[in-house]
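Worksheet: one structure, shown below.
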Amino acid sequence: MASSRRQYPFHLIEPKWQHTWAEQQAFRAFNPGDEIPPAHPFAQRHHLSGKVAATQLPPQYYILDMFPYPSGAGLHVGHPEGYTATDILARYRRACGFNVLHPMGWDSFGLPAEQYAVKTGQHPRVTTEANIANFTRQIKSLGFSYDWSRELATTDPDYFKWTQWIFLKLYNSWFNPETNGAEPIETLEYPAELCADETDKVGQASRLPGEREAQTRVGCADAGRRDACPTLEPAHCAYRDSKRLAYVSEAPVNWCPELGTVLANEEVIDGKSEVGGFPVVRKPMRQWMLRITAYAERLLSDLDTIDWSDSLKEMQRNWIGRSEGAEVDFEVADIRNDDGTAIKLRVFTTRPDTLFGATYMVIAPEHKLVDRLLGLIDLNWPSGTPSEWKRSPIDDQDCESPGYGMLRYQAYTIDRSDMERTALSKDKTGIFTGAYAINPVNGERIPIWIADYVLASYGTGAIMAVPAHDIRDFEFARKFGLNIKVVVRPMRSECLMLKLPSDKPGEFEIEHTEELIERYLKRPELFYGTALPFVYEGTAVNSDFINELGIDEAKEKITAWLEAKGLGKKTINYKLRDWLFSRQRYWGEPFPIIWKKDAAGDLYHEALPESSLPLLPPALEDYKPTPDGQPPLARAKDWLNLPDGSVRETNTMPQWAGSCWYYLRYLDAKNAQSFVGKDAESYWMGSVAAVCDRRDGADTEPLQKSTPGVDLYVGGTEHAVLHLLYARFWHKVLFDLGHVSTSEPFFKLVNQGLIQGEDGQKMSKSRGNVVNPDDILTEFGADAFRLYEMFMGPLQDTKPWNTRGVEGVYRFLGRVWRLFVDEQSETEFEQAETTAESEAKRKELLSLIQLHPAIKDVPPTAAQLKTLHAGIKKVTEDLDGMRFNTAISAMMVFVNEAMTWETKPVSVLRTFLQLLAPFAPHLAEELWAKLHSAFSLQPSALAYSPWPQFDPALLVESEIEIPVSVNGKMRDVIKVAADADNATLEAAALSSEKVKTFLAGKTIKKIIVVPKKMVNIVAA
RNA sequence: GCCGGUGUGGCGAAAUGGCAGACGCACAGGACUUAAAAUCCUGGGACCUUAAAAAGUCGUGUGGGUUCAAGUCCCACCACCGGCACCA
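Next up, the structure:
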């Protein structure tokens, strides 16, 4: 494949330095109060030793990678891309004088180990540990400067003890809308009217989506429990349970039969499981939920306080899906509740200004009103009901009665899986309920329909349909021959002109705009499918008291009118749903929850005390679900049933649980008393101004002020709405409860781009285009691999792998090597190496290699200094901007230049090695050591040597080349003194022979001189 | 459909509104070598003239615009990638 001869002995150099770093614990980050060994290079750089307080430590910099799931397939080339970028920055920041925290760990709960266990009976822990060992070997062979003393695994009981502990915090908290934050459940106040027989009212106390089911069902189930909370009435207990941030809900969930578990909304894509792509069906089940919806507004607005890419923020905004509108109550016509009150149908709309255009209503097939209507409505269709209004989509037959029709339609939607509903035809279906509603603004009777294009889970599960101004309502109305009433007049007629049917050319001229709009208002049917539905800006028409108002004023006025009459109110809705938090798995964190029965025989839940954590999963022989469909944990009878008759929760937490807070555990990974110590947390996560003004003796610039939270977080886009939303949510809860000091966990976040296969396709086993990092390491070494991944292009971009490119940077490292070493001595080394019998012997032979004789302890020339300082400037600026590819180019330029020097000053080459060190640390360390010993320099740890500063004075040119253009076209390049003034530049430009030929016969109109940049002569 | 991003040589890519293509890959020619590999040196956007050189014309997805000057700013469109998708 590649070279027959190594460019340089990386196979000896790399293990040698990895060993040295590990031995010295060179990259250990010190917490406030840690004992710093005096010999540690960090202690020497900062003149510290012993126990040091936060204020004495240098400013902190927390640089984090998304920890990997240790799969059996081993490391993928995508992993080292992000890891190399963060490692380069960690090393750079360390050299700049920061106390850098750069940790690594394992997101080790997960499905594959469990599936393997089901097949083979091998305990998932065994598989997981083997995979972690392999990942550790691979990651360590890349020479990353992680602080391995903080390594963690989410499957470690010492870790998940605290995951369970945080769950208890969620369980024991509620969201107070007054303070807009989480509070301990003890602060919950109970409504005065609350009493045991009014549990139904509880359901109306809160309006958070996803909660209704929990309140009615669980509330009722728990109503009789007295022993659970002896100081509280049962209704109070039910109320309290309904307010917890972790609550139980019996609601339709995403059930994946193939995986044998439920999934969160975020884990379902196009009706299939994100993992494996198996079909997912909706099924009502009792599940644990986390009340992330309470945080929707803060999760949304706090995006403005953090430094993430626009696209990522946008993805989160879309997922949260905030929309402002109004809820409006319609009364159902003709029929009434048993007590004689009117039946109300509440809808949500973002376009209350189109209320006068509502010509029918639609409710979701699962809507509660369906059940009421089934009991109340006449047996027969209203007279004159068109045939297609009664037609069942199952068999295209007319149903004999509305009740029968509704039941058939419900059966039809339940039969259709989510996949069918989204994938194939988007053709709308529905059926008339036989009932009518009264439009509150004009008293019109409009038919109520059931259709599955209205979702039960969003808004109120019911809509007012305005076919003239909504695409979906329009399609539906056209299909079933429902009324279409125009209530918005376009502001500009052009949008009508362009959309006129083409079979009437020239019927409307552009000047007849008013006529056109009139025609549109009088005969909208002419515009069906072209300008109708009209969904753009306009003014209200046919709308009584809001006529002639623009959309925004119309919305405001009608909403105020509705509120005044008690018919509706302004509302904000979110697409975000509560987080389904339980899984029917073995290999996850068990819930620290037990179930008990009260005197009436009803089940209720209770938290285990903190002292009983960690709650370990039981040992099992068989990891399959039980034959009757219970989760695997239910197989362990001894574990399941407690002596007092209570039973453990058998669900486990999803994989996301562990990754929601791992970045906090790194801060204080060994703490047995707390999930993270207060001092450690506030030092690393807080943005304390006091420590940021500190200057390092060798640095001339003050260190950059640190940012709140993790300073830099790098990982793939695949976590845009899962991990990153969940972690932000947990962090905010912990913040509200006073356990962390920032409201956001990750201040700056960068997504690395995908690395594709050499064919430009996504790497996958089936395509056979997967590149194995181990192969690259064997052939080119870690430094070349690191350098290549950074040289491919901008970190954020998607880019194809090209092994030839690795050879290119590998050749560059070879050139660096030859810049420093004597060829003769290297040949001797190579000959000796072939006969050396042991690895240790071969490593010793490295000392045979001598420095290049041209390297001398002489003062550098001005030209050499200029080359060096241009490099320092470019590399430093590019590192600050995370432009690794151009930083590497700059180093290549330096090396190409330095190769031509007859004498190579030690000082220049030494500084160059500092620039190289973050990128290719092994090679840099080896050459650094050789340079220091050959010239008897003061020993100094490369990783902690102060980052070189460039001197702008050295970059000043005495003479510069200035392009001269005539009429914007470049014609000549002139040489002038760097400090030439505009007049001189102008004169020099005009005296150029080439320029003169282009000016011949023309008069000069204007001359633009940009100092030190260019001259442009405008002539005609 | 909606939101976000990206379009520059054969390829990966550079370019605070100021000499488009730095750096690298691949390619071609040369030096070294018995030879190959490795290494070192040289070359190149396209087109048109030319023996060659020099000169010229065109060139950053397409079409307009702003500007002395546009890959870069503005408007419209096209293509590709990613996300969401019957969310009222």
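Each residue of the first sequence is one higher than the last, beginning at 0 in numbering that gives the first Met the number 0. Just so you know, even glycine gets a beta-carbon here, dropped at the ideal spot from N, CA and C. Owing to the predicted nature of the structure, the values given are computational and were not obtained by experimental measurement.
Coarse secondary structure for residue i, derived from DSSP in three states
i, result
"Pro-613", "coil"
"Lys-855", "strand"
"Ile-516", "helix"
"Ser-501", "Confidence at Ser-501 is low in this model, with a pLDDT of 47, below 50, so its placement is unreliable and no value can be given for it."
"Lys-872", "helix"
"Ala-461", "strand"
"Pro-336", "Reading off the sequence shown, one finds Asn at residue 336, where the question assumed Pro. It is coil, neither helix nor strand."
"Cys-95", "helix"
"Phe-828", "helix"
"Leu-373", "helix"
"Asn-750", "strand"
"Asp-64", "strand"
"Lys-569", "strand"
"Leu-289", "strand"
"Met-314", "helix"
"His-75", "coil"
"Pro-233", "helix"
"Ile-509", "With a pLDDT of only 46 at Ile-509, under 50, the local geometry of the prediction cannot be trusted, and the value read off the model is given with reservation. Looking at Ile-509 - three-state DSSP - the assignment turns out to be coil, as it is neither helix nor strand."
"Lys-623", "coil"
"His-18", "helix"
"Thr-797", "coil"
Closest residue to residue i among the options (Cα-Cα distance)
i, options, result
"Leu-989", "Val-1014, Glu-843, Met-314, Lys-118", "Val-1014"
"Val-709", "Phe-431, Trp-683, Gly-657, Ile-557", "Trp-683"
"Tyr-452", "Glu-443, Met-463, Glu-524", "Met-463"
"Leu-1021", "Val-327, Ala-245, Arg-841", "What the structure shows of the chain is the stretch from 0 to 1019, and residue 1021 is not part of that stretch, so it cannot be assessed."
"Trp-16", "Val-963, Ser-310, Gly-780", "Gly-780"
"Arg-727", "Thr-899, Ser-765, Tyr-662", "Tyr-662"
"Ile-775", "Phe-746, Ser-140, Asp-333, Val-1008", "Ser-140"
"Ala-839", "Leu-11, Gln-6, Glu-992", "Leu-11"
"Trp-638", "Pro-31, Lys-995, Ala-618", "Ala-618"
"Ser-611", "Asp-157, Thr-860, Leu-723, Lys-993", "Asp-157"
"Pro-917", "Thr-85, His-604, Gly-460, Ser-742", "Thr-85"
"Tyr-712", "Thr-777, Asn-546, Ser-308, Ile-887", "Ser-308"
"Ser-658", "Gly-628, Asn-546, Leu-724", "Leu-724"
"Tyr-145", "Glu-876, Arg-634, Thr-802, Gln-23", "Gln-23"
"Glu-113", "His-851, Pro-630, Gly-96", "Pro-630"
"His-78", "Gly-404, Ala-191, Val-770", "Val-770"
"Asn-650", "Pro-37, Asp-643, Arg-634", "Arg-634"
Under 8 Å between C-beta atoms of residue i and residue j
i, j, result
"Ile-854", "Val-905", "yes"
"Tyr-585", "Leu-632", "yes"
"Gln-137", "Asp-782", "no"
"Met-652", "Phe-580", "yes"
"Glu-104", "Leu-63", "Residue 104 is actually Gly in this sequence, not Glu. In this structure, Leu-63 does not lie closer than 8 Å to Gly-104 by Cβ."
"Ile-1006", "Glu-985", "yes"
"Thr-154", "Ser-107", "yes"
"Leu-372", "Ala-434", "yes"
"Asn-30", "Asp-667", "yes"
"Ala-1008", "Asn-981", "One detail in the question is off: residue 1008 reads as Val in this sequence, not Ala. In contact: Val-1008 and Asn-981 (Cβ atoms closer than 8 Å)."
"Phe-746", "Thr-706", "yes"
"Trp-1020", "Leu-721", "Residue 1020 cannot be examined here, being either before or after the span of the chain that is shown, 0 to 1019."
"Val-1057", "Glu-273", "The first residue shown for the chain is 0 and the last is 1019, placing residue 1057 beyond what the model contains."
"Ala-461", "Leu-167", "no"
On the three-pair Cβ rule with 8 Å, is the stretch 239-249 touching the stretch 273-289?
Output reads yes: the stretch 273-289 touches the stretch 239-249.
Take every Cβ of the stretch 888-899, pair it with every Cβ of the stretch 748-760, and state whether three or more of those distances are shorter than 8 Å.
With a cut-off of 8 Å, the stretch 748-760 and the stretch 888-899 do not count as touching, because too few Cβ pairs lie within range.
Could you check whether the stretch 520-531 touches the stretch 323-339, counting it as contact only if at least three pairs of C-beta atoms, one from each stretch, sit closer than 8 Å?
Pairwise C-beta distances place the stretch 520-531 out of contact with the stretch 323-339, as fewer than three of them are shorter than 8 Å.
Examine the Cβ distances between the stretch 63-78 and the stretch 920-930 and report whether three or more of them are shorter than 8 Å.
The stretch 63-78, when compared against the stretch 920-930, does not touch it at the 8 Å Cβ threshold.
Give a yes or no on contact between the stretch 457-474 and the stretch 352-361, applying the rule of three or more CB pairs nearer than 8 Å.
Verdict: yes, contact present.
Would you say the stretch 346-353 touches the stretch 549-558, given that touching needs at least three Cβ pairs under 8 Å?
Touching, yes, given that three or more Cβ pairs across the two stretches are closer than 8 Å.
Any chance the stretch 862-869 sits against the stretch 782-791, with 3 or more Cβ pairs inside 8 Å?
Not touching, per the Cβ criterion.
On the three-pair Cβ rule with 8 Å, is the stretch 305-325 touching the stretch 585-598?
Contact between the stretch 305-325 and the stretch 585-598 is absent: fewer than three C-beta pairs spanning the two stretches fall below 8 Å.
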